[in-house]
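With positions in the sequence shown counted from 1, the corresponding number in the numbering used here is that position plus 98.
All remarks here apply to the structure that follows.
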Amino acid sequence: MKDFHETLYDAVGQSYRIDKLYFEHKTEHQHLMIFHNAFLGRVMTLDGVVQTTERDEFIYHEMLAHVPLLAHGEAKRVLIIGGGDGGMLREVLKHQSVGHATLVEIDADVITMAKEYLPNHSAGAFDDPRAEIVIADGMDFVRDTAQRFDVIISDSTDPIGPGEVLFSDDFYAASRRLLNPGGVMVTQNGVPFFQIDEVINTQQRMGAQFADQTFYSAAVPTYYGGIMTFAWGSDNPALRTLDNATLQACYDAADLDTRYYTPEIHRAAFALPKYLSDALARAQQ
Ligand code: AG3
Numbered sequence: 099m100k101d102f103h104e105t106l107y108d109a110v111g112q113s114y115r116i117d118k119l120y121f122e123h124k125t126e127h128q129h130l131m132i133f134h135n136a137f138l139g140r141v142m143t144l145d146g147v148v149q150t151t152e153r154d155e156f157i158y159h160e161m162l163a164h165v166p167l168l169a170h171g172e173a174k175r176v177l178i179i180g181g182g183d184g185g186m187l188r189e190v191l192k193h194q195s196v197g198h199a200t201l202v203e204i205d206a207d208v209i210t211m212a213k214e215y216l217p218n219h220s221a222g223a224f225d226d227p228r229a230e231i232v233i234a235d236g237m238d239f240v241r242d243t244a245q246r247f248d249v250i251i252s253d254s255t256d257p258i259g260p261g262e263v264l265f266s267d268d269f270y271a272a273s274r275r276l277l278n279p280g281g282v283m284v285t286q287n288g289v290p291f292f293q294i295d296e297v298i299n300t301q302q303r304m305g306a307q308f309a310d311q312t313f314y315s316a317a318v319p320t321y322y323g324g325i326m327t328f329a330w331g332s333d334n335p336a337l338r339t340l341d342n343a344t345l346q347a348c349y350d351a352a353d354l355d356t357r358y359y360t361p362e363i364h365r366a367a368f369a370l371p372k373y374l375s376d377a378l379a380r381a382q383q
């Protein structure tokens with residue numbers, strides 16, 4: 099049987115056995131593949147990079163959705179950039195406080211194929227009356243929209259191809275402009291052991307827009323190489339130092355069903371390993 103070899107890094111790479119190929123197609127924007135792997139379940143790749151698997155998607159989606167939403171405490175309007183597989187939308191809409199979630203995906207084929215071959219990701223979220231799906235370039239949307247949001251989540255690919263602009267100064271600046279007071283923006287920011295430049299660039303670019311900018315992390319097995327960083331930007335520094343009791347109360351009130359997220363994990367996720375905080379401090383000198 100054929101293997102899928104990830105082509106994200108030059109000198110090293112992971113490979114997966116393709117037990118059944120469901121779909122492979124060059125869309126208008128990228129090369130999309132969905133296949134089954136005996137251990138991971140269904141796997142989606144874009145341009146040779148693993149985006150999501152049924153087995154471990156909960157870690158990434160819970161951490162990128164519940165950390166900003168519970169820290170904010172009363173988010174009503176949420177913007178997701180990317181996220182065409184629907185997993186992020188599913189986690190966001192678990193919050194009853196959220197009355198409206200806009201998902202902006204550049205590639206309509208990702209949504210169509212994820213609905214067909216990864217239905218457990220969205221689990222009906224695309225049909226939720228609170229969801230609005232926009233097919234557009236995320237950069238164009240944040241530049242042009244008149245809507246405002248309490249939380250913005252960038253659920254992007256790596257900064258290669260269509261995702262590159264979602265790591266630009268312009269993107270952070272335009273997104274910042276869409277946030278209501280007390281709002282929070284979070285982004286997928288790569289695996290720092292392999293992608294340290296990504297963290298340093300984001301510190302500089304996102305840090306220029308927000309009064310408070312930092313990173314938190316989680317280890318997502320299929321984004322191999324240790325922890326993945328999530329960038330955090332807000333004008334309210336108090337939102338990332340909430341104590342366990344406050345987070346626990348928010349978590350209990352939200353009545354979420356989670357498999358990775360706990361209030362303790364939330365708080366601890368902001369502690370960064372020293373190689374990373376050293377690199378960030380050096381870049382600021
Ligand atoms: N997007 C993040 C994929 C990042 C993979 N990068 C890496 N391993 N460095 C996931 C989309 C899921 N909704």
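Beta carbons are placed, not taken as given, at the ideal position from N, Cα and C, and that holds for glycine.
Any chance the CB of residue i is under 8 Å from a heavy atom of the ligand AG3?
i: M186; result: yes
i: F269; result: no
i: M211; result: no
i: D102; result: As written in the sequence, residue 102 is Phe, which differs from the Asp given in the question. F102 Cβ: outside cutoff for every heavy atom of the ligand AG3.
i: G323; result: yes
i: Q149; result: yes
i: H159; result: yes
i: M131; result: no
i: G259; result: no
i: V289; result: yes
i: L106; result: yes
i: T125; result: no
i: G180; result: yes
i: E155; result: yes
i: S220; result: no
i: D145; result: no
i: F292; result: yes
i: T200; result: no
i: S332; result: no
i: D225; result: no
i: S195; result: no
Quick check on this structure: which residue in the options has the alpha carbon closest to the alpha carbon of residue i?
i: R228; options: E296, T200 and A212; result: T200
i: R246; options: S220, R275 and G182; result: R275
i: S254; options: I231, S266, F313 and Q286; result: Q286
i: E40; options: T320, W330 and K372; result: The chain is shown only over 99 to 383; residue 40 falls outside these bounds and no answer can be derived.
i: Y270; options: G305, R115, A381 and L130; result: G305
i: G111; options: V148, L138 and A136; result: V148
i: M186; options: T150, A169 and D207; result: T150
i: D101; options: V176, I132 and P166; result: I132
i: A369; options: T339, M283 and L277; result: T339
i: L277; options: Y359, I178, A377 and H134; result: I178
i: I363; options: D145, M161, E296 and T125; result: M161
i: H123; options: G146, Y114, P257 and A109; result: G146
i: Y114; options: H134, Q128 and H129; result: H134
i: N334; options: V282, Y373 and A381; result: V282
What residue range does the alpha helix (DSSP H) around residue i cover?
i: Y270; result: D267 to L276
i: I363; result: P361 to A366
i: E189; result: G185 to V190
i: R357; result: From DSSP, R357 is part of no alpha helix (DSSP H); its letter is neither H nor E.
i: F313; result: It is not in any alpha helix (DSSP H) - F313 instead sits in the beta strand (DSSP E) that spans D310 to A317.
Where does the unbroken beta strand (DSSP E) through residue i begin, and where does it stop?
i: E155; result: Counting along the chain, E155 falls outside any beta strand (DSSP E), though it belongs to the alpha helix (DSSP H) covering E155 to H170.
i: Y114; result: S113 to R115
i: Y215; result: First-last for Y215: A206 to Y215, but that is the alpha helix (DSSP H), not the beta strand (DSSP E).
i: D253; result: F247 to D253
Given a cut-off of 9 Å on the beta-carbon distance, is the pair residue i and residue j in contact?
i: T356; j: H164; result: yes
i: I325; j: F291; result: yes
i: R303; j: F265; result: yes
i: L216; j: E152; result: yes
i: R140; j: Y120; result: yes
i: S332; j: A367; result: no
i: I209; j: G236; result: no
i: F239; j: V202; result: yes
i: D248; j: H170; result: yes
i: T378; j: F308; result: The sequence given here has Leu at residue 378, not Thr. For L378 and F308, no; Cβs fall outside 9 Å.
Comparing the CB of residue i with every heavy atom of the ligand COA, is any distance shorter than 8 Å?
i: S113; result: The ligand COA is not part of the structure shown, which contains the ligand AG3 as its ligands.
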